[in-house]
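Novice: This structure is in structure tokens; I'll ask about it shortly.
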Amino acid sequence: MLSIENLHVEISGKKILTGVNFSIEKGQTSVMFGQNGSGKTSLVMAIMGFPQYKITKGKIIFKGKVINKLSIDQRARLGISILLQRPPTVRGVKMRQMVELISHIAKKKIDIEKMADKLNMKDFLDRDLNLGFSGGEMKRSEFLQLTTQSPDLLLLDEPESGVDLENIVLIGEVISKLLGKDKSALIITHTGHILNYVNANRGCVLSNKKIQCVGDPHDILSRIRKHGYQECVRCHRKKPEVIKEG
Amino acid sequence: MLDKEIKIHKFDRETKEHSYQKDLSKISVADRKNLIETGVDVSEKGRSGTFIQADHSVIHAKSLQKGLEVMNISDALKKYDWLKKYWWNAVSKDGDEYTALAKKDSRNGYFIRALRGVKVSHPIQSCLFLKKENLLQNVHNLIIAEEGSELNIITGCTTASYVKKGAHVGISEFYIKKNATVKFTMIHNWAEEVVVRPRSKAVVEEGGMFLSNYICLKPVKSLQMYPTATLIGEGATARFNSILYAHPNSHIDVGSRVILSKPNTKAEIISRAVTNGGTIIARGHLKGEAPFVKAHLECRGLILSSGGVIHAIPELEGKNKDLDMSHEAAVGKIAKEEIEYLMTRGLNSEEAQAVIVRGFMDTAILGLPPELQKGIDDLVKSCQEETM
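In order, the protein sequence lines correspond to chains A and B. Residue numbers 0 to 245, in numbering that gives the first Met the number 0, belong to the letters of the first sequence in order. Residue numbers 0 to 387, in numbering that gives the first Met the number 0, belong to the letters of the second sequence in order.
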């Protein structure tokens, strides 16, 4: 589904990622750990095609096609979408209108009311997109849009942040539903909380501008909890053969 | 554009009379198209009354509801002697050269009045229509909502498709009595060389409410107005909402002013200004003179192309220690983050910008009834399709 080869990314001339190699198979859900500022967000933004995340070297291959030069919307139409950590407010654009636009582009007939009801977002349909939404409401609004879009590759940047305990179960269910058997996902998590709600088959750590470790997500999480991120770097250096994609 | 450059006296004053049309469906196809574009429903279904003036001639005036009067103001002044005390009471005759001109020689206009306690079931529609090239149309309108009554008026001003040049001076006086409500929505569809100088004042008594919506999306040469509501009774409310779009060579100077002179009065002024090359001066003035006054002013401007100018001038004037007034203003281009965000959902850059601009000119701020909302939304859509 997605293959990243020796990816180098810069923001305003500052090197953020230097030689990331990584792949996600069809139907696979990968979880990415990493400290604040390690470049996790930059990686998903570069995959989505945000122009300020400049690719200086390497390739992003999606469905067998190099997509480095494609615009955000071209990538979206190919089947990639993203849950932003902090989506902007778009004044005057109502959530209902947005969902209708997405369903029109995706050529999908949907029952907006029913979908919104499932996400406890019915009262938000006629509100301006993200205006005055709480953290959890914002996430639910994003998932309403993503469910309509139904991408083949879902990039989720900290889906659990700002969500209360009650709603995290709901969001976990929505993510699981979004990830049908042929869908893939890359989920960024800082806390690892989301692992309790989503069935992830693989984990990795992004540190020092590179992928440092790939393995079972629960194992990685418990190691990070015990020894911190430095252990991942050390372990990776010691046993580079373990990580084929490193 | 300065007033001295306009030379209002250079426009023609005289033109032929247009005949009265008892049946609106009998007017010409071309005229009908113009009327529809300013929100007039020629079938008059879902309307409580209609007033149409072409150049200086009132071609249709009718009330469809008991307790509601819709008349030519000239006829009303003859019929009701007491109207004199309202005539030139809210608007000062000596305001400027345009009021002076209207005082000397105004040509008709509408008189709309809801009798005590009468609530109109549907909007009243009005249209002031320029059919002759280079004509100066000047009207004087009077609106009275008697105690406890409710009026909802949609009024459009437009030019015939072949008219490029002309002038419109309109005096409007609103009297909103105790616990009465007037919702007034004005749509301006002028042409490239038309000069427009409305002069409007509203006086709102205790518990009364004046809601004024203004929409100007088509080209205009020079438009300047500063409608003012004075809240003279305790608990009175005024709200002004404007959606403005300036085309290249259009100069729009529009403000709204509310004078809150009694305790517990409230006001809100909201404007959305978009320029595609023209100039918009978006003014707002809240003057609080009494305790427990609450007022807010919000002005947002979007500059779509170079050459466009938006000058926001919000003013707050507090004259009492127990008042609460605030304002926010923002001028800029479309945020890149918003465009990119919508692109992640599959919209291309142009589509995303169109959606954002349309959202920016958010007609939901107008608080219109559903029967008017769709027509206004279509106007915004067609304005956008023509320009983007």
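Beta carbons: idealized from backbone N, C-alpha and C, even for Gly. It should be emphasised that the depicted structure is a prediction, and the values quoted were computed from it without experimental measurement.
Closer than 7 Å by C-beta to A:Val-19: which residues in its own chain qualify, once you throw out the five before and the five after it? Chain order, please.
Specialist: Within the first sequence, the letter at position 20 stands for residue 19 of chain A. These residues qualify, in order along the chain: Ile-3, Leu-6, Leu-42, Lys-209 and Ile-210.
Novice: Measure the CB-CB distance between B:Ser-221 and B:Asn-33 and report whether it falls below 8 Å.
Specialist: As a first step, residue 221 of chain B must be located in the second sequence, where it is residue number 222. As a first step, residue 33 of chain B must be located in the second sequence, where it is residue number 34. No; because the gap between Cβ atoms is not below 8 Å, this pair is not in contact.
Novice: Between which two residues does the beta strand (DSSP E) harbouring B:Thr-180 extend?
Specialist: Here residue 180 of chain B refers to the residue found at position 181 when the second sequence is read from its first residue. Note, B:Thr-180: beta strand (DSSP E), 180-188.
Novice: Using a Cβ-Cβ cut-off of 8 Å, state whether B:Gln-352 counts as contacting chain A.
Specialist: As a working note, residue 352 of chain B is residue 353 in the second sequence. Not one chain A Cβ lies under 8 Å of B:Gln-352.
Novice: Using the C-alpha atoms, what's the distance from B:His-121 back to B:Thr-236?
Specialist: The residue you call residue 236 of chain B lines up with position 237 of the second sequence. The residue you call residue 121 of chain B lines up with position 122 of the second sequence. Their Cα atoms are separated by approximately 22 Å.
Novice: Going along chain A in order, which residues have a C-beta closer than 7 Å to the C-beta of B:Gly-358?
Specialist: Looking up residue 358 of chain B in the second sequence gives position 359. By Cβ distance, chain A contributes Val-89, Arg-90, Gly-91 and Val-92.
Novice: Exposed or buried, which one is A:Arg-85 when buried takes at least 16 other CB atoms within 10 Å?
Specialist: Stepping through the first sequence from its first residue, residue 85 of chain A is reached at position 86. By the neighbour-count rule (16 or more Cβ atoms within 10 Å), A:Arg-85 is not buried but exposed.
Novice: Return the first residue and the last residue of the alpha helix (DSSP H) that B:Ala-351 is part of.
Specialist: Against the second sequence, residue 351 of chain B aligns to sequence position 352. For B:Ala-351, the uninterrupted alpha helix (DSSP H) run begins and ends at 348-359, by DSSP.
Novice: Starting from the N-terminal side, write out each stretch of the beta strand (DSSP E) that is 3 residues or longer and does not extend beyond the region 2-82 of chain A.
Specialist: Those beta strand (DSSP E) runs which fall completely within the region 2-82 of chain A and span 3+ residues are 13-23, 28-32, 53-61 and 79-82.
Novice: Buried or exposed for B:Tyr-19, please, with buried defined as at least 16 other CB atoms from any protein chain shown within 10 angstroms of its CB.
Specialist: Mapped onto the second sequence, residue 19 of chain B falls at position 20. Within 10 angstroms of the beta-carbon of B:Tyr-19 lie fewer than 16 other beta-carbons, which makes it exposed.
Novice: Using the C-alpha atoms, what's the distance from B:Val-193 back to B:Tyr-79?
Specialist: Within the second sequence, numbered from 1, the residue matching residue 79 of chain B stands at position 80. Within the second sequence, numbered from 1, the residue matching residue 193 of chain B stands at position 194. Cα-Cα distance, rounded: 34 Å.
Novice: My understanding is that B:Phe-173 touches B:Ile-142, with C-beta atoms under 8 Å, so please give their C-beta distance in whole angstroms.
Specialist: What you label residue 173 of chain B is simply residue 174 of the second sequence in a count that begins at 1. What you label residue 142 of chain B is simply residue 143 of the second sequence in a count that begins at 1. With a Cβ gap of about 5 Å, B:Phe-173 and B:Ile-142 count as contacting.
Novice: Specify the secondary structure class of B:Val-193 as computed by DSSP and reduced to three states.
Specialist: Indexing the second sequence from 1 puts residue 193 of chain B at position 194. It is a strand residue.
Novice: First and last residue of the beta strand (DSSP E) that includes B:Ala-235?
Specialist: Position 236 of the second sequence, counted from the start, is the residue given in the question as residue 235 of chain B. Following the DSSP letters along the chain, one finds B:Ala-235 in no beta strand (DSSP E), marked with neither H nor E.
Novice: Which of helix, strand or coil does DSSP assign to A:Ile-109?
Specialist: To locate residue 109 of chain A, count along the first sequence from 1; it is residue 110. If DSSP states are grouped into helix, strand and coil, A:Ile-109 belongs with coil.
Novice: Round the Cβ separation of A:Leu-82 and A:Glu-159 to the nearest angstrom and send it over; I've been treating them as touching at under 8 Å.
Specialist: Position 83 of the first sequence, counted from the start, is the residue given in the question as residue 82 of chain A. Position 160 of the first sequence, counted from the start, is the residue given in the question as residue 159 of chain A. That belief does not hold up - the Cβ atoms of A:Leu-82 and A:Glu-159 are roughly 11 Å apart, past 8 Å.
Novice: Below 8 Å, how does it come out for the region 274-292 of chain B and the region 254-263 of chain B: are there three or more Cβ pairs, yes or no?
Specialist: Pairwise C-beta distances place the region 274-292 of chain B in contact with the region 254-263 of chain B, as three or more of them are shorter than 8 Å.
Novice: Relative to chain A, which residues along the region 315-349 of chain B have a C-beta separation below 8 Å, given in chain order?
Specialist: Ala-334, Glu-336, Glu-337, Glu-339, Tyr-340, Leu-341, Met-342, Thr-343, Arg-344, Gly-345, Leu-346, Asn-347 and Ser-348
Novice: Does DSSP put B:Lys-102 in a helix, a strand or coil?
Specialist: If you number the second sequence from 1, residue 102 of chain B lands on position 103. In the three-state reduction of the DSSP assignment, B:Lys-102 falls in the helix class.
Novice: Which word fits A:Gln-229, buried or exposed, when buried means at least 16 other C-beta atoms lie within 10 angstroms of its C-beta?
Specialist: Position 230 of the first sequence holds residue 229 of chain A. With a threshold of 16 other beta carbon atoms within 10 Å, A:Gln-229 falls short and is exposed.
Novice: Just verifying my parser: in three-state terms, what is the DSSP assignment at A:Asp-248?
Specialist: With chain A covering 0 to 245 only, the question about residue 248 of chain A has no answer from this structure.
Novice: Which residues in the same chain have their Cβ closer than 8 Å to the Cβ of B:Ile-5, if we skip the five residues on either side of it in sequence?
Specialist: Along the second sequence, one-based indexing puts residue 5 of chain B at 6. Around B:Ile-5: Ala-166, Val-194 and Ser-221.
Novice: Assign B:Val-28 to one of two classes, buried (16 or more other C-beta atoms within 10 Å of its C-beta) or exposed (fewer than that).
Specialist: Here residue 28 of chain B refers to the residue found at position 29 when the second sequence is read from its first residue. Looking at its Cβ environment, which holds fewer than 16 other Cβ atoms inside 10 Å, B:Val-28 is exposed.
Novice: May I have the straight-line CA-CA distance separating A:Val-92 from B:Leu-114, to the nearest angstrom?
Specialist: Start at 1 with the first residue of the first sequence, and residue 92 of chain A comes out as number 93. Start at 1 with the first residue of the second sequence, and residue 114 of chain B comes out as number 115. Between A:Val-92 and B:Leu-114, the C-alpha separation is close to 40 Å.
Novice: Enumerate, from N- to C-terminal direction, the unbroken alpha helix (DSSP H) stretches of 4 or more residues contained entirely within the region 31-91 of chain B.
Specialist: 72-78
Novice: Given a cut-off of 8 Å on the beta-carbon distance, is the pair A:Thr-246 and A:Lys-107 in contact?
Specialist: Absent from the structure is residue 246 of chain A, since the part of chain A shown begins at 0 and ends at 245.
Novice: From the beta carbon of A:Ile-104, is the nearest beta carbon of chain B less than 8 Å away?
Specialist: By one-based count along the first sequence, residue 104 of chain A stands at place 105. Yes, because at least one Cβ of chain B sits closer than 8 Å to the Cβ of A:Ile-104.
Novice: Which value, in whole angstroms, describes the spacing of the CA atoms of B:His-8 and B:Leu-100?
Specialist: Here the question's residue 8 of chain B lines up with position 9 in the second sequence. Here the question's residue 100 of chain B lines up with position 101 in the second sequence. Roughly 9 Å between the two C-alpha positions.
Novice: Could you have a look at B:Ala-422 and say whether DSSP puts it in helix, strand or coil?
Specialist: No answer is possible for residue 422 of chain B: it lies beyond the span of chain B, which begins at 0 and ends at 387.
Novice: Compare the C-beta of A:Asp-72 with all C-beta atoms of chain B and state if any pair is closer than 8 Å.
Specialist: Residue 72 of chain A sits at position 73 when you count from the first residue of the first sequence. With 8 Å as the cut-off, A:Asp-72 counts as an interface residue toward chain B.
Novice: Does any CB atom of chain B fall closer than 8 Å to the CB of A:Leu-42?
Specialist: In the first sequence, counting from the first residue as 1, residue 42 of chain A sits at position 43. Output row for A:Leu-42: interface = no.
Novice: Strictly under 8 Å for the Cβ-Cβ distance: is A:Ala-184 near chain B by that measure?
Specialist: Taking the first sequence and counting its residues from 1, one reaches residue 184 of chain A at position 185. Under the Cβ distance rule, A:Ala-184 does not count among the residues neighbouring chain B, no pair being separated by less than 8 Å.
Novice: So B:Gly-207 packs on B:Thr-184, CB below 8 Å; how close in whole Å?
Specialist: On the second sequence, position 208 is the one that residue 207 of chain B refers to. On the second sequence, position 185 is the one that residue 184 of chain B refers to. Not a contact, Cβ separation roughly 18 Å.
Novice: Any idea if B:Trp-189 is buried or exposed, counting beta-carbon neighbours within 10 angstroms, 16 or more meaning buried?
Specialist: In the second sequence, residue 189 of chain B corresponds to position 190, counting from 1. Buried is the call here.
Novice: Let me make sure I understand the geometry here. Which of B:Ile-72, B:His-326, B:Glu-146 and B:Glu-43 has the alpha-carbon closest to that of B:Asn-140?
Specialist: Counting from one through the second sequence, the residue named residue 140 of chain B turns up at place 141. Cα-wise, what sits closest to B:Asn-140 is B:Ile-72.
Novice: Cβ of B:Ile-7 less than 8 Å from any chain A Cβ?
Specialist: If you number the second sequence from 1, residue 7 of chain B lands on position 8. Chain A, which has no Cβ nearer than 8 Å to the Cβ of B:Ile-7, makes this no.
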